[in-house]
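Worksheet: the structure to be examined is printed underneath.
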Amino acid sequence: MTTFLALYRGDSVSSAKLLALTADHELVHDFAARLLNKPIEEQNTDPVLKELERGRLRALQLVKSEAE
């Protein structure tokens with residue numbers, strides 16, 4: 077499976093323009109690793125939001141491991 081990073085810039089999400097796109101394994105790995113190193117907010121007690129965060133972390137771990 078291909079994983080890539082895209083960098084957009086604009087006044088809003090709908091008006092943003094693509095500035096850069098890469099599938100470079102090292103960049104993808106480093107980006108995923110940085111996101112995984114961010115502290116997890118444990119304050120959220122909503123079980124749905126907690127599960128979404130767990131899924132996001134699992135996906136980032138998979139991306140990171142595939143890029144190694």
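Counting from 77, one number per residue, gives the positions in the sequence shown under this note's numbering. Using N, Cα and C, we set each Cβ at its ideal position, and we do this for glycine too. Remember, predicted model here, so these are calculated numbers, not experimental data.
| Asked | Found |
| --- | --- |
| Under the three-state DSSP convention, the category K126 falls into | helix |
| Burial state of A82 (16 or more Cβ within 10 Å) | exposed |
| Residue range of the beta strand (DSSP E) that includes A96 | 93-98 |
| Boundaries of the alpha helix (DSSP H) in which E102 is found, first to last residue | 101-113 |
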